[in-house]
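S.K.:
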Amino acid sequence: MDLKNKKILVTGAEGFIGSHLTEKLVEMGADVTALVQYNSFNNWGWIDTFDDEIKNSIHVVTGDIREYDNVKRIAKGQDIVFHLAALIAIPYSYLSPMAYVKTNVEGTTNILEASKDYGVEKIIHTSTSETYGTALYVPIDERHPMQGQSPYSASKIGADKMAESFYRSFNLPVATIRPFNTYGPRQSARAVIPTIISQILSGKKEIKLGSLSPKRDFNYVKDTVSAFIKVAESDKTIGQVVNAGSNHEISIGDLAEKIINILGKKVNIICDEDRIRPEGSEVNRLWSDNTKIKELTGWSPKYTLEEGLKETACWIEKNMKYFKVNIYNV
Numbered sequence: 001m002d003l004k005n006k007k008i009l010v011t012g013a014e015g016f017i018g019s020h021l022t023e024k025l026v027e028m029g030a031d032v033t034a035l036v037q038y039n040s041f042n043n044w045g046w047i048d049t050f051d052d053e054i055k056n057s058i059h060v061v062t063g064d065i066r067e068y069d070n071v072k073r074i075a076k077g078q079d080i081v082f083h084l085a086a087l088i089a090i091p092y093s094y095l096s097p098m099a100y101v102k103t104n105v106e107g108t109t110n111i112l113e114a115s116k117d118y119g120v121e122k123i124i125h126t127s128t129s130e131t132y133g134t135a136l137y138v139p140i141d142e143r144h145p146m147q148g149q150s151p152y153s154a155s156k157i158g159a160d161k162m163a164e165s166f167y168r169s170f171n172l173p174v175a176t177i178r179p180f181n182t183y184g185p186r187q188s189a190r191a192v193i194p195t196i197i198s199q200i201l202s203g204k205k206e207i208k209l210g211s212l213s214p215k216r217d218f219n220y221v222k223d224t225v226s227a228f229i230k231v232a233e234s235d236k237t238i239g240q241v242v243n244a245g246s247n248h249e250i251s252i253g254d255l256a257e258k259i260i261n262i263l264g265k266k267v268n269i270i271c272d273e274d275r276i277r278p279e280g281s282e283v284n285r286l287w288s289d290n291t292k293i294k295e296l297t298g299w300s301p302k303y304t305l306e307e308g309l310k311e312t313a314c315w316i317e318k319n320m321k322y323f324k325v326n327i328y329n330v
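For the sequence shown, full-length UniProt numbering begins at 1 and goes up steadily by one.
1. Shortest alpha-carbon distance to H175 belongs to which of S165, K76 and I193?
2. Thinking C-beta only, is I17 closer than 7 Å to residue 364?
3. Just how far apart, CA to CA, sit V10 and T304?
4. Quick test of your reading: I65 and Y152, contact by CB under 8 Å. State the CB separation rounded to the nearest angstrom.
5. Which one of V231, N284, P194 and V267 has the shortest CA to CA distance from K310?
6. With a threshold of 16 other CB atoms inside 10 Å of the CB of P278, please say whether the residue is buried or exposed.
7. Out of G29, K55, K258 and N243, point me to the one whose CA is closest to S19's CA.
8. What is the residue span of the alpha helix (DSSP H) that P97 lies within?
9. Find out if the Cβ-Cβ distance for the pair V231, I177 is shorter than 7 Å.
10. Checking 7 Å against the spacing of the C-beta atoms, do N219 and G253 come in under that value?
11. Which residue from D2, K156 and P214 puts its Cα closest to that of T131?
12. For K6 and V120, what's the separation of their Cα atoms in angstroms?
13. With a cut-off of 8 Å on the beta carbons, I'd call I327 and A256 a contact; round off their distance for me.
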């Protein structure tokens with residue numbers, strides 16, 4: 001499928017991955033509608049930082065995926081839907097589980113229902129590697145059992161199963177992409193890499209982190225966006241779930257040391273009890289098997305971890321105003 005001139009709706013377009021995807025789609029010549037969560041300040045998130053030429057090429061609409069009438073109105077006339085809107089912070093899901101059900105499960109169902117009603121050509125639904133929980137074997141392929149080790153991951157499992165059910169029940173042309181740990185410019189300090197970099201660049205000699213032993217598979221945001229595009233373009237991905245990861249793992253402790261070396265600073269790492277997940281909720285190991293996405297779409301990551309970390313650090317250094325390094329961002 002050629003995305004040029006296609007009418008494309010991106011939900012969660014104001015966020016980290018969504019904003020990068022929106023920019024890329026505009027560059028490709030797509031007719032993009034960006035759904036941004038309604039707020040009284042008319043704040044468009046990262047879209048507000050776009051160059052005027054790109055910003056003026058996007059049709060921005062405000063709304064809420066939890067409201068079906070609103071979603072149905074916005075979905076009308078769209079050829080393709082990239083569904084990224086979600087509540088994603090794991091620590092906050094411990095505090096407000098029902099908010100995750102309403103946004104991630106009910107909101108996704110609204111997107112699927114509206115897409116069915118209006119005959120959307122393809123829906124790319126966004127999952128997460130957290131649905132796998134702690135690896136029972138590595139590398140993790142798409143047949144790995146799903147484990148709800150946090151209210152967040154449970155809500156995303158529910159959303160994934162709703163997407164699967166609409167494909168099986170209504171033949172809805174939906175593909176599910178399951179990104180592993182994406183990082184890069186515009187990511188908030190909610191995530192570990194900007195947390196480490198922003199604390200170091202602020203001049204701190206001691207940086208606070210949670211558990212250092214868990215291992216993760218990190219993928220640079222430009223590679224993740226490329227995976228979204230490839231999944232949308234390939235007819236082979238309809239009805240499929242595909243991992244998008246680097247096929248490499250690194251512990252949080254080793255990651256922190258790598259970043260410290262890249263930045264050329266001397267700092268100590270402190271384990272902050274407030275940042276540690278409940279014991280049964282911690283996902284100890286995520287390592288992506290990306291064989292399936294390579295076979296179906298030809299996608300593979302282009303950036304090494306070192307290259308991505310350097311670009312991320314450069315961006316954070318120029319945008320420290322977005323980071324409150326003295327506050328734990330849940």
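Beta carbons: idealized from backbone N, C-alpha and C, even for Gly.
M.R.: Taking the structure as given:
1. The sequence given here has Ala at residue 175, not His. Answer by Cα proximity: S165.
2. Missing from the structure shown is residue 364; the chain here goes from 1 to 330 and no further.
3. Computed Cα separation, rounded: 27 Å.
4. That pair is no contact at about 16 Å.
5. Among V231, N284, P194 and V267, the Cα nearest to that of K310 belongs to P194.
6. With fewer than 16 other Cβ atoms within 10 Å, it is exposed.
7. Cα-wise, what sits closest to S19 is K55.
8. P97 to Y100 is the span of the alpha helix (DSSP H), which, as asked, contains P97.
9. Closer than 7 Å, so yes.
10. Going by C-beta atoms, N219 is not nearer than 7 Å to G253.
11. Of all alpha-carbon atoms in D2, K156 and P214, the one lying nearest the alpha-carbon of T131 is that of K156.
12. Straight-line measurement puts the Cα of V120 at about 11 Å from the Cα of K6.
13. A Cβ-Cβ distance of about 19 Å is found for the pair I327 and A256, leaving them out of contact under the 8 Å criterion.
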